[in-house]
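The block underneath contains the structure these notes are about, expressed in structure tokens.
2 protein chains.
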Amino acid sequence: MAPTTRRPSMADVAARSGVSYQTVSRVLNEPGIVRPETRDRVQRAIDDLGYTPNRAARALKTTRSSLIGLLTDGSSLFGPAETATAIETAAREAGYSVLLTTVGTAADATAGAADGARRGTADGAPRAADASAGASLIGSGVDGILVVAAHEGMLPVVAAAAASIPVVAVSAQPTSAPGVDVVGVDQHRGAREVVHHLARTGVRTVAHLPGPADWFDARARLHGFEQAVEELGIAGTTTAPGDWTPRSGYELTCGLLASGLPDAIFAANDMMAIGALHALDEHGVRVPQDVAVVGYDDTVGAEYLIPSLTTVSQPFAELGRLALHRLLEVLDGADPAPHGTTTLPPRLVVRRSTRPERTH
Amino acid sequence: MAPTTRRPSMADVAARSGVSYQTVSRVLNEPGIVRPETRDRVQRAIDDLGYTPNRAARALKTTRSSLIGLLTDGSSLFGPAETATAIETAAREAGYSVLLTTVGTAADATAGAADGARRGTADGAPRAADASAGASLIGSGVDGILVVAAHEGMLPVVAAAAASIPVVAVSAQPTSAPGVDVVGVDQHRGAREVVHHLARTGVRTVAHLPGPADWFDARARLHGFEQAVEELGIAGTTTAPGDWTPRSGYELTCGLLASGLPDAIFAANDMMAIGALHALDEHGVRVPQDVAVVGYDDTVGAEYLIPSLTTVSQPFAELGRLALHRLLEVLDGADPAPHGTTTLPPRLVVRRSTRPERTH
DNA sequence: ATGCACGATGCTAACGTTCACATGGAAGCG
DNA sequence: CGCTTCCATGTGAACGTTAGCATCGTGCAT
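Right, dumping it as structure tokens:
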């Protein structure tokens with residue numbers, strides 16, 4: 090219960106330590122410039138009173154809020170959540186706080202998880218929720234915005250935000266908007282490594298279960314897959330796009346079972362891979378003896394699926410840190426010229442859902 | 090790139106529409122009190138200029154920041170993430186923004202996911218990260234704090250925060266701190282329902298794989314389990330506590346395999362259940378024929394595990410909304426007396442990892 | 001000794017908003 | 001027709017902080 094007793098201000102600290110509030114301000118912002126003796130006295134008063142600077146006042150005066158906006162999709166299940174955590178930690182260390190904003194309403198997310206709804210809007214039209222979320226963030230007075238897991242529908246929001254404040258995107262899309270830096274995992278490469286691994290295990294035909302067409306990550310993985318099968322000369326097919334959910338992986342794999350199985354199935358993420366494994370198990374198809382299965386993300390638990398899932402691990406935490414630091418650079422204005430795209434390498438994790446590679 | 094051109098202020102809007110800034114303020118805050126004609130004129134100026142109120146200034150003057158702090162654990166993988174999304178959405182609808190703060194560093198979270206580290210501190214001692222995170226939140230000038238997925242180590246932080254601002258905990262612990270409202274899912278009941286279901290399938294011996302001892306949810310589930318086996322007169326045993334990870338579920342189940350299997354294994358969450366399934370599969374134990382397995386959370390993908398996992402679904406989204414609205418009530422001061430604990434019922438989801446219930 | 005530079009600290013103003021009160025005009029009442 | 005009443009709007013001050021300049025005293029060079 091707050092005793093409604095006003096929080097101590099600089100004036101209180103100043104009165105208690107017998108200096109002016111300006112000196113208190115200096116102790117906080119440029120400690121070197123104030124005499125050690127005075128500094129200690131002020132510091133003691135700060136501790137005694139439990140004084141913390143009023144952020145609103147500081148923000149008002151400096152026109153910098155020390156707030157960064159985090160725009161993320163509501164389906165925070167696998168990587169995005171970990172990335173967000175890393176971002177927040179790095180931000181706190183740098184003296185910033187993170188304003189969370191989700192796009193795609195909670196209702197959407199729930200429905201998506203529960204029954205596989207929320208198909209990507211094929212034409213990439215922005216959803217109503219996106220606009221509201223983006224607008225709310227810009228209006229909040231954040232110093233910069235970090236956009237995570239962007240899909241096509243978010244582009245207008247990003248572009249609008251970038252017009253007024255710095256934006257860094259965490260995405261697989263090289264250039265989301267002019268002047269917007271992008272930090273991402275090289276999804277294209279991850280997908281290629283999957284196919285190369287499969288080829289080395291003797292696989293001659295692969296089916297890819299893509300993610301939603303309007304998601305950049307899904308697109309990059311699809312493209313990497315197509316390029317790899319091309320350069321390796323193996324038969325690659327692509328099903329209709331899924332929606333990241335296990336159910337879609339299940340259904341698409343059922344389609345494959347009906348039309349004829351390939352040597353391997355490469356799902357766009359681990360959840361779809363789980364669905365695929367389930368469908369195969371139901372039909373008595375053995376993994377990896379009859380069909381190899383690969384996922385993407387290295388979700389918690391992937392190692393303990395049956396069989397242990399070969400997948401692609403992404404450095405989500407590093408990604409978050411990197412994105413935040415890039416944003417801070419832009420905020421500090423040290424480097425006005427955008428870096429463009431920075432990519433981090435993913436890591437193929439070979440487990441038991443694919444056959445061992447032939448030792449030459 | 091920002092053209093560094095100052096954002097329009099009320100004064101600009103006032104000048105453009107030929108009124109005083111006070112009138113602009115009124116149009117924004119009490120539109121009813123201003124003459125329709127004037128209001129339209131001001132509104133047009135607002136739209137033309139793209140004016141948005143300066144939050145910092147408003148916060149400074151009103152001493153309310155319209156910010157609520159969300160204190161959540163970094164291991165946001167299953168429920169917490171969905172709860173956070175629901176909270177954010179509900180907050181935005183109510184005109185609040187959410188300041189995200191995670192406890193347990195990103196490094197911790199990564200390590201935890203990767204190798205099953207981060208055992209709960211048995212004695213409930215607060216971790217360094219918690220204090221830092223909590224302090225940062227209080228210092229940020231948030232109007233209130235929502236604590237999600239609390240464990241023992243967070244209590245000091247909650248208590249400290251509650252001394253100065255309203256706090257609502259999303260937790261299984263009835264009273265985390267004096268004056269702190271608690272909104273939670275009835276974990277005790279969920280666990281009991283699991284055991285009752287198992288009993289109806291003919292199970293006579295059950296082993297529970299508990300979560301970390303310092304997590305309230307884990308404790309409540311354990312307690313519910315113990316009470317149910319007691320009242321049903323079936324043999325219940327409890328292993329050493331796990332740490333929510335698949336690995337811990339795997340290892341504990343290996344221990345069970347060595348010492349003798351029960352009829353059923355009830356894991357504290359789905360991840361540990363995944364580990365259990367894996368261990369059983371490795372040893373050729375059939376589920377549910379030889380041993381039934383139950384998880385908790387109804388994680389995305391649980392339905393598509395092999396076999397499809399019987400688990401307990403929690404209304405995470407509703408929980409988030411409820412917690413936020415409760416906090417808003419406290420903030421509005423309409424109801425200074427704390428409600429105490431509000432619990433939501435979980436829902437048992439019977440799938441294929443347990444045998445069918447006997448039809449009488 | 002006198003002046004000067006410099007280091008440490010204080011004072012004033014301003015950021016953009018809201019609150020409390022003041023003002024002006026139209027309507028209502030006798 | 002003069003008084004009150006009320007509605008719409010304007011004015012002044014303040015929230016807590018930081019930037020800029022002013023002030024004070026000390027030590028050094030002349």
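Protein sequences appear in the order of chains A and B.
For the first sequence, this note's numbering begins at 90 and goes up steadily by one.
For the second sequence, this note's numbering begins at 90 and goes up steadily by one.
All C-beta atoms, glycine included, are put in the ideal place defined by N, C-alpha and C.
Taking Cβ to Cβ, would you say residue i is nearer than 8 angstroms to residue j?
i: A/R444; j: A/A381; result: yes
i: A/P396; j: A/L433; result: no
i: A/A368; j: A/Y339; result: yes
i: B/V231; j: B/L188; result: yes
i: B/T191; j: A/T178; result: yes
i: A/A356; j: A/A347; result: no
i: A/A238; j: A/G409; result: no
i: A/H277; j: A/G313; result: yes
i: B/P377; j: B/V295; result: no
i: A/R289; j: A/E446; result: yes
i: B/D306; j: B/P435; result: no
i: A/L117; j: A/P97; result: no
i: A/I176; j: A/L235; result: yes
i: A/T431; j: A/L411; result: yes
i: B/H285; j: B/V439; result: no
i: A/T399; j: A/D359; result: no
i: A/L149; j: B/A146; result: yes
i: A/G184; j: A/V419; result: no
i: B/A353; j: B/V292; result: yes
i: B/R181; j: A/S253; result: no
i: B/V383; j: B/S442; result: yes
i: B/V283; j: B/L437; result: yes
List, in chain order, every chain A residue whose beta-carbon is nearer than 7 angstroms to that of residue i.
i: B/E177; result: L189, T190 and T191
i: B/R144; result: S229 and G230
In this structure, what does DSSP give as the bridge partners for residue i?
i: B/Y305; result: This sequence places Phe at residue 305 of chain B; Tyr is not what is there. Looking at the DSSP assignment, B/F305 forms no beta bridge with any residue, so it has no partner.
i: A/I354; result: A/A296 and A/V382
i: B/A324; result: B/T294
i: B/L189; result: A/V187 and B/L159
Quick one: which chain B residues come within Cβ less than 9 angstroms of residue i?
i: A/T141; result: A224, I227, G228, S229 and G230
Quick one: list the residues of chain A neighbouring residue i, beta-carbon separation under 8 angstroms, in chain order.
i: B/L159; result: L189
i: B/L366; result: Y393 and I395
i: B/I363; result: G390, Y393 and L394
i: B/S442; result: Simply none; closest approach about 12 angstroms.
i: B/S109; result: Correct list: empty, because the minimum Cβ distance to chain A is about 21 angstroms.
What residues from chain B crowd round residue i, counting only those whose CB sits closer than 8 angstroms?
i: A/Y339; result: Y393
i: A/S260; result: Ordered by position in chain B, no residue passes the 8 angstroms Cβ test against A/S260, which lies about 19 angstroms from the chain.
For residue i, which residues in chain B fall below 7 angstroms Cβ to Cβ?
i: A/L350; result: Per Cβ cutoff of 7 angstroms: no residues; A/L350 is ~18 angstroms from chain B at best.
i: A/D370; result: I395
i: A/A148; result: A145
i: A/S106; result: By Cβ distance, chain B contributes nothing, its closest Cβ being about 20 angstroms from A/S106, past 7 angstroms.
i: A/S457; result: Chain A is shown from 90 up to 449; residue 457 of chain A falls before or after that span and cannot be answered.
Is any heavy atom of the ligand FAD found at a distance shorter than 7 angstroms from the C-beta of residue i?
i: A/T290; result: The model on display carries no ligand, and the ligand FAD is accordingly not part of it.
Residues of chain A with CB under 9 angstroms from residue i, in chain order?
i: B/S154; result: R144 and A145
i: B/S98; result: Within chain A, no residue comes near B/S98; the closest Cβ sits about 11 angstroms away, beyond 9 angstroms.
| Continuous beta strand (DSSP E) assignments of at least 3 residues falling wholly in the region 399-446 of chain B | 400-402, 430-433 and 436-438
| Is it a yes or a no for the region 332-350 of chain A touching the region 293-305 of chain A, going by three-plus beta-carbon pairs under 8 angstroms? | The region 332-350 of chain A is in contact with the region 293-305 of chain A.
| Touch test, the region 149-160 of chain B against the region 122-133 of chain B, Cβ-Cβ under 8 angstroms, three pairs minimum | The region 149-160 of chain B, when compared against the region 122-133 of chain B, does not touch it at the 8 angstroms Cβ threshold.
| request: Report yes or no: do the region 313-327 of chain B and the region 381-390 of chain B share at least 3 C-beta pairs separated by less than 8 angstroms? | output: No: the two stretches stay apart, fewer than three of their Cβ pairs being nearer than 8 angstroms.
| For the region 269-277 of chain A against the region 250-259 of chain A, are there 3 or more C-beta pairs whose distance is under 8 angstroms? | Cβ pair count under 8 angstroms is three or more, so yes.
| task | Please confirm if the region 97-116 of chain A is in contact with the region 104-112 of chain B, defined as three or more CB-CB distances below 8 angstroms between the two stretches. | result | no
| task | At 3 residues or longer, and completely inside the region 222-292 of chain A: list those beta strand (DSSP E) runs for me, N to C. | result | 233-237, 256-259 and 270-274
| query | Which full runs of the alpha helix (DSSP H) of 4+ residues lie inside the region 115-143 of chain B, going along the chain? | reply | 125-138
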